[in-house]
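Shown next, in structure tokens, is the structure this report addresses.
In the working numbering, the protein residues as written are 23 to 494.
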């Protein structure tokens, strides 16, 4: 009964948010009722974030986006206060809601909130810099905590601070350039706008190209291997389904979430199911742009553009988070946290944090930077040198770490995360190179690298890295 009540509450809030969002000029008194369900500041920016409070905040964000950013002066400042208050919030774990997933509650909520804010930043240029600045400020605060500035207890650091940061890294900079916001897609809020299938193969091919030129959906990197005739997504209220436009996709480097067949193995993920099951269960998953085979990979003219100062801040935060001493200290905290829990942990798939932080930070850099062009040569060189060192470090770790492969894609797999991090590094290296000779030299080194491994299992485990090389 508790389960039904909890699901009913979450579904009701989402449907209320969507219904209000469909009203052209929503009276504030109606929106105010939804906002009244959100947590209030209990003093000095401290919020109590239980499951129902999180549901209400997310529903408010859904309304805000689907209404065309109505009541911006009331809603946006509140969402930014929640963003800034996450690090000192009182988190109350619950049995259901987001708690039915594997990733920590704080990480899932942070991912949702920043997904909402990033889409708002893309849609409203007047508040874009304000939102990005707030996100980067919070990332800097959390980075200081990870570095040990306040010597937080291991449980606070591992269960809340790092997961909040992980959720941010997975969401910042990824926006939808279509009418449907990412949060609506993520929570399967929409149930209509079904796209009719082309009548024949020729019209299907035409539809594929149209979907690339006119409809640039943002899919989770975890879903970017989907091909034509993708099955529908479930609605949170029924089995009515949403079918996004069909298209053939490719990606610069593959996702931390491996494609899983329908063999019914334990831990398998149906990538054609609920997108929330992907994003709230798999370490390192994120939304990203995908491109069909045969199209040149070029920066989008219409994208969430970061200012030069924002890019410098982002790279600076990345360098601090990827510092080996910081990661080593953090891993020791994780081991301490797991040992103290004595097997009583729930919603905590991590065995260490260094590999997971590396993959989310590097993919964040790639997804933000690959859309930028005409940046200063000194900045490009700084990124290239940093990523080169990171790539070589990752390759060394892969060579000395025993090969690990699991048929359960939801299991924490440090080896797989390292492979995906290195694949994202390859994407960044080719983005940062401007000299043709340097590009040829890099291609030569990478071709030598992939030709050295002929053992079948090793080749399979390095597939993301190999695909990244072949697609440049």
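Ideal placement from N, C-alpha and C gives every residue a C-beta, glycine not left out.
Quick caveat, the model's predicted, so the values are computed rather than measured.
Item	Value
Could you tell me whether the Cβ atoms of residue 306 and residue 194 are closer together than 7 Å?	no
Would you verify that the beta carbon of residue 174 is, or is not, closer than 7 Å to some beta carbon of chain C?	Here there is only one protein chain, and chain C is not present.
Any heavy atom of the ligand NAP closer than 6 Å to the CB of residue 73?	Among the components of this structure there are no ligands whatsoever, and the ligand NAP is therefore not found.
Between the Cα of residue 203 and those of 340, 135, 336 and 415, spot the shortest distance and give me the residue it belongs to.	135
Which full runs of the alpha helix (DSSP H) of 4+ residues lie inside the stretch 32-112, going along the chain?	50-58, 73-88 and 94-107
Specify the secondary structure class of residue 328 as computed by DSSP and reduced to three states.	coil
Measure how close the beta-carbons of residue 144 and residue 192 come, nearest whole angstrom, since I'm counting them as under 8 Å.	With a Cβ gap of about 16 Å, residue 144 and residue 192 do not count as contacting.
By the three-class DSSP mapping on this structure, what secondary structure does residue 370 have?	coil
Would you check if the stretch 362-373 and the stretch 400-419 touch, i.e. whether three or more CB-CB distances between them fall below 8 Å?	no
Look at residue 405 and residue 454 and say whether their C-beta atoms are less than 7 Å apart.	yes
I'd like the list of long-range same chain contacts for residue 197, defined as Cβ closer than 6 Å, with 5 residues on each side in sequence excluded.	140, 141, 144 and 326
When you compare the stretch 93-100 with the stretch 168-185, are there three or more beta-carbon pairs, one atom per stretch, that lie closer than 8 Å?	no
For residue 39, collect the residues of the same chain with a Cβ closer than 6 Å to its Cβ; drop the 5 residues on either side in sequence, then sort them by chain order.	81, 84 and 85
Does residue 183 come out as helix, strand or coil in the three-state DSSP assignment?	helix
Have a look at residue 79 and residue 400 and give me their C-alpha separation to the nearest angstrom.	41 Å
Can you tell me which of 165, 434, 438 and 124 puts its alpha carbon nearest to the alpha carbon of residue 419?	438
Assuming residue 434 contacts residue 372 (C-beta within less than 8 Å), just tell me the rounded distance between them.	6 Å
Exposed or buried, what is residue 90 when buried is set at 16 or more other beta-carbons lying within 10 Å of its beta-carbon?	exposed
Of the choices 298, 111, 53 and 410, whose alpha-carbon is the least far from that of residue 446?	410
If I measure Cβ to Cβ from residue 102 and keep anything under 6 Å in the same chain, skipping five residues before and after, which residues do I get?	156
Roughly how many angstroms lie between the CA atoms of residue 336 and residue 158, to the nearest whole one?	7 Å
Going by Cα to Cα distance, which pick from 345, 340, 385 and 297 is closest to residue 310?	385
Can you say whether residue 137 is buried or exposed, counting buried as having 16 or more other CB atoms within 10 angstroms of its CB?	buried
If you drop the 5 nearest sequence neighbours on each side, which residues of the same chain put their C-beta closer than 8 Å to that of residue 146?	91 and 94
Among 333, 154 and 464, which one has its Cα closest to the Cα of residue 391?	333
Find the nearest neighbour of residue 377 within the set 358, 460 and 348, judged by alpha-carbon distance.	348
Under the three-state reduction of DSSP, which class applies to residue 456: helix, strand or coil?	coil
Is it the case that the Cβ atoms of residue 183 and residue 208 are separated by a distance below 7 Å?	no
Are the CB atoms of residue 199 and residue 324 nearer to each other than 7 Å?	yes
Where residue 106 and residue 47 are concerned, what is the direct C-alpha to C-alpha distance, given to the nearest angstrom?	29 Å
What's the call for residue 206, buried or exposed, on a 16-neighbour Cβ count within 10 Å?	buried
Starting from the C-beta of residue 67, find all residues in its chain whose C-beta is less than 8 Å away, skip the five residues before and the five after it, and write them out in chain order.	103, 106, 107 and 110
Going by DSSP in three states, residue 446 sits in which element: helix, strand or coil?	helix
From the DSSP output, in three-state form, read off residue 172 for me.	coil
Three-state secondary structure (DSSP) at residue 118?	Bear in mind that a pLDDT of 47 at residue 118, under 50, signals an unreliable position, so the number given afterwards is only what the model happens to contain. Looking at residue 118 - three-state DSSP - the assignment turns out to be coil, as it is neither helix nor strand.
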